[in-house]
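First up is the structure itself, then whatever we jot down about it.
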Amino acid sequence: MSSTFVEERIEVTFDDSWTSVVKWDRERAYQDGIRKLHPTRGVDFCGVRDGGDRDRSLYFIELKDLRGHRIENKKRLQDVGAGPCTECGSVKPTLHQEVALKVRDTLAGLVAAAHKRQPESGRWQPLAEAMIRWDKPICVILWLDEDHMAAPAQPSIHIDNLKKHLRWLTSRVSVVNSMRPPPGVTARYL
Numbered sequence: 506m507s508s509t510f511v512e513e514r515i516e517v518t519f520d521d522s523w524t525s526v527v528k529w530d531r532e533r534a535y536q537d538g539i540r541k542l543h544p545t546r547g548v549d550f551c552g553v554r555d556g557g558d559r560d561r562s563l564y565f566i567e568l569k570d571l572r573g574h575r576i577e578n579k580k581r582l583q584d585v586g587a588g589p590c591t592e593c594g595s596v597k598p599t600l601h602q603e604v605a606l607k608v609r610d611t612l613a614g615l616v617a618a619a620h621k622r623q624p625e626s627g628r629w630q631p632l633a634e635a636m637i638r639w640d641k642p643i644c645v646i647l648w649l650d651e652d653h654m655a656a657p658a659q660p661s662i663h664i665d666n667l668k669k670h671l672r673w674l675t676s677r678v679s680v681v682n683s684m685r686p687p688p689g690v691t692a693r694y695l
C-alpha cells in the first residue's frame, strides 16, 4: 500500500516497494522525545525499501524545496557557512552539515523511541530494527529542488560534501529532485 505525505510545497508518494515509511520529524516519538533536547533536528522521511534480495535498505531523506529562494541559500549550497544568525549570533550550519546533524539526531531518536516502546511504535519500529542490522545498508538522500533542475546543480559537489559529513555512518549518499526522485517515489508540486 502506498504512502503519501506533504513536505514543504511537494506531495511525495512512496510506492509498495517501501515496506515502512514515516515522516519522522512529525512523529510523536520524535516530538515528545529527543526533540525536547534543543537544538535537536530530525530528517523529513525514514523508510525501509525492499528493492529485491540485495537491496533492502534503510533510507533517511531530507527534502529541501529551495525554489524561489536561490539567493538566500547560495552559501549553504556551496558548503560555506551562512554566517551568524542575526537574532542569536549562533553560526548556521551549511546544508550538508544540517543534513548530517539531522541524520545523527534521527538515529539517536529512533534508538530512544524503540527503547521506550511507545503505543504508535508499529510505524517506526521496523526502521529501528533495520538500523541495527549490519548487513542492511543505510542510505542518505538529499532531495534538493531548485529553480532550474533538469539535473541537480553540481550533484558531485553535493555528494562529496555529504559523504564528508556522513563518513562516520555511510558512503551511500545521493542527491535527487522532484524530476528525478528516489526509486519507488513520485512527487507532485502543490
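506 is the number of the first residue of the sequence shown in our numbering; add one for each residue after it.
Just so it is clear, CB atoms sit at the ideal spot from N, CA and C, and this is done for glycine as well.
The beta carbons of Gly627 and Gly538 sit no closer together than 7 Å. Here Lys569 carries a strand assignment [DSSP, helix/strand/coil].
Straight-line spacing of the CA atoms in Thr509 and Thr518 works out to 4 Å.
Between Ala633 and Val616, the beta carbon gap of about 7 Å places them in contact (Cβ cut-off 8 Å). Annotation for Thr611: the continuous alpha helix (DSSP H) segment containing it runs Leu600 to Lys621. The shortest C-alpha to C-alpha distance from Pro642 to any of Leu649, Phe565 and Gln630 is the one to Phe565.
Listed as beta-bridge partners of Gly552 by DSSP are Val526 and Tyr564. Cβ neighbours of Gly556 within its own chain (closer than 8 Å, five residues either side excluded): Ser522, Ser562, Pro688 and Gly689. Distances from the CA of Met506 to each of Val526, Arg514 and Glu513 were compared; the closest alpha carbon is that of Val526. With 16 or more neighbouring CB atoms inside 10 Å of its own CB, Lys528 falls in the buried class. As computed with DSSP, Leu647 is found in a beta bridge with Glu567 and Val680. Going by C-alpha positions, Val645 is about 14 Å away from Asn682. Taking the Cα positions, Trp673 is about 28 Å away from Arg533. Here Leu667 really is in contact with His601; their C-beta atoms are around 5 Å apart, less than 8 Å. Spanning the alpha carbons of Ala605 and Leu671 requires a straight line of approximately 6 Å.
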